[in-house]
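Heads up, the thing below is written out as structure tokens.
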Amino acid sequence: MTADTTGSDAGRAGEADTAASVGSPEEMTKLLEGSGYLADTGVATAAFLALRMHRPLFCEGEPGTGKTSLAVALSEALGLPLIRLQCHEGIDAGQALYEWDFPRQLLHLRALEAVEGGRIDVDTAEQSLYTERFLLARPLLRALTTAPCVLLVDEIDRADDEFEAFLLQLLDENAVSIPEYGEVRASTPPLVLMTSNRTREVHDALKRRCLYHWLEHPGLEREIAILRGRVPGLGQRLAEQVAEAVGRLRTMELLKPPGVAESLDWARALTALGRDALDAESAATTLGAVLKYSEDLDRARTNLATLLT
5 MTADTTGSDA GRAGEADTAA SVGSPEEMTK LLEGSGYLAD TGVATAAFLA
55 LRMHRPLFCE GEPGTGKTSL AVALSEALGL PLIRLQCHEG IDAGQALYEW
105 DFPRQLLHLR ALEAVEGGRI DVDTAEQSLY TERFLLARPL LRALTTAPCV
155 LLVDEIDRAD DEFEAFLLQL LDENAVSIPE YGEVRASTPP LVLMTSNRTR
205 EVHDALKRRC LYHWLEHPGL EREIAILRGR VPGLGQRLAE QVAEAVGRLR
255 TMELLKPPGV AESLDWARAL TALGRDALDA ESAATTLGAV LKYSEDLDRA
305 RTNLATLLT
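The numbering of the sequence shown is our numbering, which starts it at 5 and goes up by one.
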């Protein structure tokens, strides 16, 4: 049994045309920039190749380097729906792929019994239970039956080895097998982006099926541009000071070095307070926007003079 994902309506055809119209990494850079994501050449090239080659893109890097945001930006830039699977310890196929709607199946059986006066054919009843009507699609199944789309498998390093193995058929064939239902196959492969913070090593079998890109924190000029583009009303001077201070924080021995998301939070906090420059007082009182551990706060406050140099 194969899912019908031909995408016959005009909207889906338009989405496919948008994806096919990206002709180069430079065009991808411009599309992502239009959605607010300032990609460097490496990121734009990796995203372009994943789209053109129909290969999953595996993005690793420190937290806050823009891995998840890339999937969101690709969805917006290409005009495709975003389907997100957030991985966690113990995640299984039932949470990621599908479940059967047991309460509705039970009600259906009772209705059959009432209609048939308590005498129902077992085989017929069983066949009627395992149909699309009672199938609860979770993110992976929705991605296969939504053509085309962007599928974000976020923080795959939080899942276990068994879940990685489960993903292999989907990545190889753009299909999954449901024992009671049959095979569900996507006629248009989803654009798959997997992220990892490298809390553990992901198996080679999974990586071999993907294109790979390591995301670094942005350089100073690009981070300033990100801040100016994402925080309305942020002046050039304050953007430069925040980006420089965050860059220095990343060189300290912190439990959780700040990412771009924390830079943005800090800039928004300072803007909300009406600040147009970063001084010792405003830095000390707003560090909670950029640092999330008391030990990191203490270290930063001890080194405020260095931080604001």
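The C-beta atom is built at its ideal place from N, Cα and C for all residues, glycine as well.
Inset, instruction - Going by CA-CA distance only, name the one from Asp158, Pro193 and Glu64 that's closest to Arg56. - result: As a working note, residue 56 is residue 52 in the sequence shown. With distances taken between Cα atoms, Arg56 lies closest to Pro193.
Inset, instruction - Scan the region 148-178 and note each continuous alpha helix (DSSP H) run of 4 residues or more that stays entirely inside, going in chain order. - result: The qualifying runs are 165-177.
Legend entry - Alpha-carbon to alpha-carbon, Ala304 and Leu253: As a first step, residue 253 is located in the sequence shown; it is residue number 249 there, counting from the start. As a first step, residue 304 is located in the sequence shown; it is residue number 300 there, counting from the start. Cα to Cα, the separation comes out at about 7 Å.
Inset, instruction - Locate the alpha helix (DSSP H) running through His112, then write down its first and last residues. - result: For the purposes of this step, residue 112 is identified with residue 108 of the sequence shown, where counting begins at 1. Phe106 to Val119 is the extent of the alpha helix (DSSP H) around His112.
Inset, instruction - Could you tell me whether the Cβ atoms of Thr199 and Lys71 are closer together than 8 Å? - result: Numbered from 1 along the sequence shown, position 195 holds the residue referred to as residue 199. Numbered from 1 along the sequence shown, position 67 holds the residue referred to as residue 71. Contact flag set, yes.
Legend entry - Inter-residue spacing [alpha-carbon to alpha-carbon] between Thr275 and Pro60: Counting from one through the sequence shown, the residue named residue 275 turns up at place 271. Counting from one through the sequence shown, the residue named residue 60 turns up at place 56. Here the C-alpha atom of Thr275 lies approximately 39 Å from the C-alpha atom of Pro60.
Inset, instruction - Grab the span of the alpha helix (DSSP H) containing Val264 for me, first residue to last. - result: Counted from its first residue, the sequence shown places residue 264 at position 260. Segment Val264 to Ala276, the alpha helix (DSSP H) holding Val264.
Inset, instruction - Would you kindly check if the distance between the Cβ of Leu171 and the Cβ of Leu215 is under 8 Å? - result: The residue you call residue 215 lines up with position 211 of the sequence shown. The residue you call residue 171 lines up with position 167 of the sequence shown. A distance of 8 Å or more separates the beta carbons of Leu215 and Leu171.
Legend entry - Neighbour-count burial assignment, Phe106, 16 or more Cβ in a 10 Å radius: The sequence position of residue 106 within the sequence shown is 102, counting from 1. Exposed: under 16 other Cβ atoms inside 10 Å.
Legend entry - Local Cβ density within 10 Å of Ala288, reported as buried at 16 or more and exposed below that: Within the sequence shown, residue 288 is the residue found at index 284, counting from 1. Around the C-beta of Ala288, fewer than 16 other C-beta atoms lie within 10 Å, and the residue is accordingly described as exposed.
Legend entry - Glu184 vs Leu140 beta-carbon contact at 8 Å: Along the sequence shown, read from residue 1 onward, the residue named residue 184 stands at position 180. Along the sequence shown, read from residue 1 onward, the residue named residue 140 stands at position 136. The Cβ atoms of Glu184 and Leu140 do not sit closer than 8 Å to each other.
Inset, instruction - Have a look at the DSSP bridge pairing and note the partners of Phe62. - result: The residue given as residue 62 occupies position 58 in the sequence shown. DSSP lists Met198 and Tyr216 as partners of Phe62.
Legend entry - Nearest residue (CA-CA) to Arg213, options Asn201, Ala48 and Ala54: Indexing the sequence shown from 1 puts residue 213 at position 209. For Arg213, the closest C-alpha among the options Asn201, Ala48 and Ala54 is that of Ala54.
Legend entry - Contacting residues, own chain, Cβ-Cβ under 6 Å from Glu66 (five flanking each side not counted): Stepping through the sequence shown from its first residue, residue 66 is reached at position 62. So the list is empty, once near-sequence residues are dropped.
Inset, instruction - Can you tell me which of the three DSSP states Ala309 falls into? - result: Taking the first residue of the sequence shown as position 1, residue 309 is located at position 305. Secondary structure at Ala309: helix, using DSSP grouped into helix, strand and coil.
Inset, instruction - Sort Leu175, Thr150, Phe138 and Asn201 by Cα distance to Glu159 and report the nearest one. - result: Residue 159 sits at position 155 when you count from the first residue of the sequence shown. Nearest option by C-alpha distance: Asn201.
Inset, instruction - Using a Cβ cut-off of 8 Å (strictly closer), state whether Ala288 contacts chain C. - result: Of the chains in the structure shown, none is chain C; there is only one protein chain.
Inset, instruction - Pick out the complete alpha helix (DSSP H) segments inside the region 54-102, 4 residues or longer, and give them in chain order. - result: The DSSP assignment places 71-82 and 97-100 as complete runs of the alpha helix (DSSP H) inside the region 54-102, in order along the chain (cut-off: 4 residues).
Inset, instruction - Would you check if the distance between the CB atom of Thr150 and the CB atom of Ile95 is smaller than 8 Å? - result: Residue 150 sits at position 146 when you count from the first residue of the sequence shown. Residue 95 sits at position 91 when you count from the first residue of the sequence shown. Remark: C-beta atoms of Thr150 and Ile95 do not approach each other more closely than 8 Å.
Legend entry - Inter-stretch contact (C-beta, 8 Å, three-pair minimum) for the region 244-251 and the region 219-232: Short answer: they touch.
Inset, instruction - Give the secondary structure of Ala14 by DSSP, where H, G and I count as helix, E and B as strand, and everything else as coil. - result: Taking the sequence shown and counting its residues from 1, the one referred to as residue 14 is at position 10. Here the model assigns Ala14 a pLDDT of 40, short of 50, so the residue's position is not dependable, and the following value carries that caveat. DSSP, read as helix, strand or coil, puts Ala14 in helix.
Legend entry - Pairwise C-alpha distance: Ser298 and Leu268: By one-based count along the sequence shown, residue 268 stands at place 264. By one-based count along the sequence shown, residue 298 stands at place 294. The alpha-carbon atoms of Leu268 and Ser298 are separated by roughly 20 Å.
Inset, instruction - Just tell me which of Gly98, Gln99, Arg137 and Glu93 has its CA closest to the CA of His112. - result: Here residue 112 is taken as the residue at index 108 of the sequence shown, counted from 1. Comparing Cα-Cα distances from His112 to each of Gly98, Gln99, Arg137 and Glu93, the minimum goes to Arg137.
Inset, instruction - Mark Gly263 as exposed unless 16 or more other C-beta atoms lie within 10 angstroms of its C-beta, in which case mark it buried. - result: On the sequence shown, position 259 is the one that residue 263 refers to. Result: buried.
Legend entry - DSSP bridge partner residues for Val180 (one or two, in chain order): Position 176 of the sequence shown holds residue 180. In the DSSP assignment, Val180 is bridged to Val188.
Inset, instruction - With distances taken Cα to Cα, identify the nearest neighbour of Pro143 among Thr135, Ala115, Cys91 and Gly186. - result: Your numbering for residue 143 matches position 139 in the sequence shown. Distances from the alpha-carbon of Pro143 to those of Thr135, Ala115, Cys91 and Gly186 put Cys91 closest.
Inset, instruction - Under 7 Å Cβ to Cβ from Ala273, same chain only, skipping five residues before and after it: list those, please. - result: The residue given as residue 273 occupies position 269 in the sequence shown. These residues qualify, in order along the chain: Thr290 and Ala293.
Inset, instruction - Check whether the Cβ atoms of Val47 and Leu155 lie closer than 8 Å to each other. - result: As a first step, residue 47 must be located in the sequence shown, where it is residue number 43. As a first step, residue 155 must be located in the sequence shown, where it is residue number 151. Result no, Cβ atoms of Val47 and Leu155 do not sit closer than 8 Å.
Inset, instruction - Report the three-state DSSP secondary structure of Ala43 (helix, strand or coil). - result: For the purposes of this step, residue 43 is taken as residue 39 along the sequence shown, with counting starting at 1. Here DSSP, grouped into helix, strand and coil, assigns Ala43 to coil.
Inset, instruction - Report the rounded CA-to-CA distance for Glu166 versus Asp280, giving the unit in angstroms. - result: Working through the sequence shown from its first residue, we reach residue 166 at position 162. Working through the sequence shown from its first residue, we reach residue 280 at position 276. About 51 Å.
Inset, instruction - Report yes if the CB atom of Ala284 is closer than 8 Å to the CB atom of Leu258, and no otherwise. - result: What you label residue 284 is simply residue 280 of the sequence shown in a count that begins at 1. What you label residue 258 is simply residue 254 of the sequence shown in a count that begins at 1. No, these two residues do not count as a Cβ contact at 8 Å.
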